[in-house]
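These notes concern the structure reproduced below.
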Amino acid sequence: MSYDVTFHCISKKEIQRYVFDILEHPGLLQSRAAEVSSDSEVQEQFLELFNEFIIPWYMNESTPSGDPITAENFAAYFSFAIASVAGFLHPYWYARNSAICFLAEKIPSIHTLFQSFSALENSPLAKFDADTSILMSGNYSASGVLQNVGTFKGWVLENQNNIAELIDEDGLDSLLRALNYCIDNGLYLIEATEIVVPISGECQSNYGNLRAHFLKNIDSPAVPRTTRSDEHSTNSCKKCGSAIGFIDVFKAGLPTMITCGKCGSYAKFNINPYIDYPILICLLIAFAAITFVSGDYLITNQVLPFKEKYIFAGTGITFAVIFEILFGVWLLKFKKVIG
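In terms of this note's numbering, the sequence shown opens at residue 1279 and continues consecutively.
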């Protein structure tokens, strides 16, 4: 049996943003597709991947034929699909019949380097109980993530002669290029089969990101996307994908009352009630004290020719606005929308 292997790169944040977030909040799909590429054809391909495959699999918890998705077939469905997603985000490298899983058959310790997508932190795929699905299961499948990329690269370099029968020269070159790219950009590695099938022209990801010796573009610059996931604001509505901005925070007043300006859905931030709320209450008390002291000073020294109630009202409103501005800056800069 032959394999068209590809090595893919993706970060933990990108898995969360471009897979997990969309599974939990499908309304984000359109805006996430726009982040992936400005090319409308690439966007349509990304949308189709989720609308036709990933989201139905997740919602139905079964394959198109009705079979349940389990640890046995997880690699052929979700792992394969996530490798495809990675191909939209970063360059990926082709290797004919050269795969890490072949090494794992000879060296079982390699299994420990991988982790299933169902076992990742905050993974909505945990419901499939597929923590043992860490390597490719055959054609049209993919591995979990190889996290300790630097350690694995060191092992590969030390054992080049021993693995020559399992990974040929071009395959090793592609693997090392993918590993270097991961190391340089702080990414995980995934390997997959039949994301690209050169003999038929089939491609399940962004063909423009493919690097291969047979394409003679193996030396093409492998530059991270300018719209990396960690550069996008995390303060977006989980229902419609619109940004939650300062105006939304200012209008709400209270952190529990913030709503999306576009669809009206409540935006839940990751505020720690045991730490953040006591601090906010103390600050409110401090601002109230400052308001009273300031008003009393203005009245005692007759700085303003107004009645006491108007002076206290004016200082109260002023400090309330200042507090709200500082609160909004803190919330949008240091917290993120989680629901």
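Cβ atoms here follow ideal geometry from the backbone N, Cα and C, with glycine treated the same way.
The structure presented is a predicted model; accordingly, all values stated were derived computationally and were not measured.
By Cβ distance, which residues of its chain are closer than 8 Å to residue i, with the 5 residues on each side in sequence left out?
| i | result |
| --- | --- |
| Pro-1346 | Glu-1339, Ser-1340 |
| Cys-1481 | Ile-1473, Val-1474, Val-1475, Leu-1488 |
| Leu-1301 | Ile-1332, Ile-1333, Tyr-1336, Pro-1402, Leu-1403 |
| Leu-1453 | Phe-1285, Trp-1371, Ala-1373, Ser-1376, Ile-1378, Val-1434, Ile-1445 |
| Ser-1362 | Leu-1327, Ala-1470, Ile-1473, Gln-1482, Ser-1483 |
Excluding the 5 residues flanking residue i on each side, which residues of the same chain have their C-beta closer than 7 Å to its C-beta?
| i | result |
| --- | --- |
| Val-1607 | none |
| Glu-1509 | For Glu-1509, the predicted model reports a pLDDT of 42, less than 50, meaning its position is unreliable; a value from the coordinates is still stated below. Taken in chain order, the list of residues that qualify is empty. |
| Ile-1222 | Residue 1222 cannot be examined here, being either before or after the span of the chain that is shown, 1279 to 1617. |
| Asn-1426 | Leu-1391 |
| Ser-1511 | Here Ser-1511 scores only 47 on pLDDT, less than 50, and its place in the model should not be relied on; the value that follows carries that caveat. Answer for Ser-1511: Ala-1521, listed in chain order. |
| Ala-1354 | Ser-1415, Tyr-1418, Ser-1419 |
Could you tell me which residues DSSP pairs with residue i in its beta bridges?
| i | result |
| --- | --- |
| Ser-1340 | Pro-1346 |
| Ala-1382 | Answer is none; Ala-1382 lacks a bridge partner. |
| Thr-1471 | Val-1283 |
| Cys-1538 | Partner(s): none; Cys-1538 has no beta bridge. |
| Cys-1560 | The partner list for Cys-1560 (beta bridge, DSSP) is empty, contrary to what the question assumes. |
| Leu-1488 | Tyr-1370 |
| Cys-1460 | Per DSSP, none; premise fails for Cys-1460. |
| Tyr-1544 | Thr-1537 |
| Ile-1288 | Tyr-1466 |
| Glu-1399 | Glu-1399 is not bridged to any residue. |
Quick check on residue i: does DSSP put it in helix, strand or coil?
| i | result |
| --- | --- |
| Glu-1443 | coil |
| Asp-1282 | strand |
| Thr-1593 | helix |
| Thr-1390 | helix |
| Ser-1511 | Any reading at Ser-1511 must be qualified, since the residue scores a pLDDT of 47, below 50, and its modelled position is unreliable; the value itself is stated next. Here Ser-1511 sits in coil by DSSP. |
| Val-1527 | helix |
| Val-1607 | helix |
| Glu-1602 | helix |
| Ile-1618 | Absent from the model: residue 1618. The displayed extent of the chain is 1279 to 1617, so no value can be given. |
| Val-1615 | strand |
| Ala-1521 | strand |
| Glu-1586 | helix |
| Ser-1483 | coil |
| Ser-1497 | A quick correction: the sequence has Asp, not Ser, at residue 1497. Coil, per DSSP. |
Please return the same chain residues whose Cβ sits closer than 6 Å to the Cβ of residue i, not counting the five positions on each side in sequence.
| i | result |
| --- | --- |
| Arg-1455 | Trp-1371 |
| Val-1314 | Phe-1324, Phe-1366 |
| Glu-1399 | none |
Can you give me the start and stop residues for the beta strand (DSSP E) that residue i sits inside?
| i | result |
| --- | --- |
| Tyr-1370 | 1370-1374 |
Pick out the complete alpha helix (DSSP H) segments inside the stretch 1413-1440, 4 residues or longer, and give them in chain order.
-> Considered as a whole, the stretch 1413-1440 harbours 1427-1436 as its complete alpha helix (DSSP H) runs of no fewer than 4 residues, in chain order.
Length at least 4, wholly inside the stretch 1294-1368: the alpha helix (DSSP H) runs in chain order = 1299-1302, 1307-1314, 1318-1326, 1333-1338, 1358-1367
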